[in-house]
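Peer 1: For reference, each letter of the sequence shown is one residue, going 908 to 1081 in my numbering. Positions of the beta carbon are idealized from the N, C-alpha and C atoms, including for glycine.
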Amino acid sequence: MFAKKGFAGATVDAIVAEAGTSRRTFYEHFDDLKDVLLLLHDRIANASFRVIEQCVRAQSHPNDQLRAGVEAFMGLIVHFSDQARVLFREVRAAGPEHEVRREALLSRFAALLFEGVTRANAMRIATKAPDELRIFALVAAMEAVAMRYVERRDESRAAEAVDPLVDMVIRAFA
């Protein structure tokens, strides 16, 4: 419902109708619409991170890990566009007090990238050691690219960003 109508357009009535449940049941589990949205966001964020992390860890070479992570990230946007919309767009409509969720998610991805670049640097694949500012800027750039596809409702084309994003990270530490 949030992906279809946005946070501002979603209603408890629409959600219970879609779910085939009652208002009473809704309020037994949730305080309000924000509560549902934030729970949904957290579940999507955690599941997405686990998938991406598994794809990264399945590879042994740092460059392969980077590519696998970016492919998984963009692939999730392609295949789960409604969830991407909730993750990147609709939670922001719940208010600025929820920015902490975005920061926490970006920090998780930044830690994963930092780990990979540290390993690449130790193997002399990357000549520059990772630094917090550069890593965060790269992760934020990837999020901005993902957000662009979501905002334009062009999620099906998100995979075209894989090569430029991988190249961007590699060049940042070359």
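How would you call Val1007, buried or exposed, if buried means at least 16 neighbouring beta carbons within 10 angstroms?
Peer 2: To locate residue 1007, count along the sequence shown from 1; it is residue 100. Under this definition Val1007 is an exposed residue.
Peer 1: What is the rounded straight-line gap between the Cα of Ile1042 and the Cα of Leu1020?
Peer 2: One-based indexing of the sequence shown puts residue 1042 at position 135. One-based indexing of the sequence shown puts residue 1020 at position 113. About 7 Å.
Peer 1: Once DSSP output is grouped into helix, strand and coil, what is the label at Pro1037?
Peer 2: Sequence index remark: in the sequence shown, residue 1037 carries index 130 (1-based). Residue state, collapsed to three classes: coil.
Peer 1: Report the three-state DSSP secondary structure of Thr932 (helix, strand or coil).
Peer 2: On the sequence shown, position 25 is the one that residue 932 refers to. Helix.
Peer 1: Could you give the first and the last residue of the continuous alpha helix (DSSP H) run that contains His986?
Peer 2: The sequence position of residue 986 within the sequence shown is 79, counting from 1. Note, His986: alpha helix (DSSP H), 969-986.
Peer 1: For Ala1068, collect the residues of the same chain with a Cβ closer than 7 Å to its Cβ; drop the 5 residues on either side in sequence, then sort them by chain order.
Peer 2: Along the sequence shown, one-based indexing puts residue 1068 at 161. Cβ neighbours of Ala1068 beyond the five flanking positions: Met981, Val1052.
Peer 1: When the distance is taken between beta carbons, is Glu1058 closer than 8 Å to Arg996?
Peer 2: Sequence index remark: in the sequence shown, residue 996 carries index 89 (1-based). Sequence index remark: in the sequence shown, residue 1058 carries index 151 (1-based). Cβ atoms of Arg996 and Glu1058: closer than 8 Å.
Peer 1: List the whole-angstrom C-beta distance separating Val1024 from His948, where the pair is believed to meet the contact cut-off of C-beta under 8 Å.
Peer 2: Mapped onto the sequence shown, residue 1024 falls at position 117. Mapped onto the sequence shown, residue 948 falls at position 41. Going by Cβ atoms, the distance from Val1024 to His948 rounds to 27 Å, so no, they are not a contact pair.
Peer 1: Quick one: what does DSSP say Thr918 is sitting in, helix, strand or coil?
Peer 2: Counting from 1 along the sequence shown, the entry for residue 918 is found at position 11. Note: Thr918 maps to coil in three-state DSSP.
Peer 1: Around the Cβ of Leu944, are there at least 16 other Cβ atoms within 10 angstroms (buried) or fewer (exposed)?
Peer 2: Locating residue 944 in the sequence shown gives position 37, where the first residue counts as 1. With 16 or more Cβ atoms within 10 Å of its Cβ, Leu944 is classed as buried.
Peer 1: Quick one: give me the first and last residue of the alpha helix (DSSP H) that Glu1006 is part of.
Peer 2: Translated into the one-based positions of the sequence shown, residue 1006 becomes position 99. Here the alpha helix (DSSP H) through Glu1006 covers 1006-1029.
Peer 1: Could you check what DSSP says for Asp949 in three-state terms: helix, strand or coil?
Peer 2: Walking along the sequence shown from the start, residue 949 turns up at place 42. Reduced to three states, the DSSP call for Asp949 is helix.
Peer 1: Identify the continuous alpha helix (DSSP H) that holds Ala1079 and give its terminal residues.
Peer 2: In the sequence shown, the residue the question calls residue 1079 occupies position 172. Note, Ala1079: alpha helix (DSSP H), 1069-1079.
Peer 1: Could you tell me how far apart the beta carbons of Ala1047 and Phe1080 are, in whole angstroms, since I believe they sit closer than 8 Å?
Peer 2: The sequence position of residue 1047 within the sequence shown is 140, counting from 1. The sequence position of residue 1080 within the sequence shown is 173, counting from 1. With a Cβ gap of about 16 Å, Ala1047 and Phe1080 do not count as contacting.
Peer 1: Roughly how many whole angstroms lie between the Cα atoms of Gly1002 and Glu925?
Peer 2: By one-based count along the sequence shown, residue 1002 stands at place 95. By one-based count along the sequence shown, residue 925 stands at place 18. When rounded, the distance between both Cα atoms is 25 Å.
Peer 1: Taking 8 Å as the cut-off, decide whether the C-beta atoms of Val985 and Ala1065 are in contact.
Peer 2: Your numbering for residue 985 matches position 78 in the sequence shown. Your numbering for residue 1065 matches position 158 in the sequence shown. Going by C-beta atoms, Val985 is nearer than 8 Å to Ala1065.
Peer 1: Consult DSSP for Ala1049 and reduce its assignment to one of helix, strand or coil.
Peer 2: For this step, residue 1049 is matched to residue 142 along the sequence shown. Here the sequence assigns Met to residue 1049, which means Ala is not the residue at that position. In the structure shown, Met1049 sits in a helix (DSSP, three-state: H, G or I).
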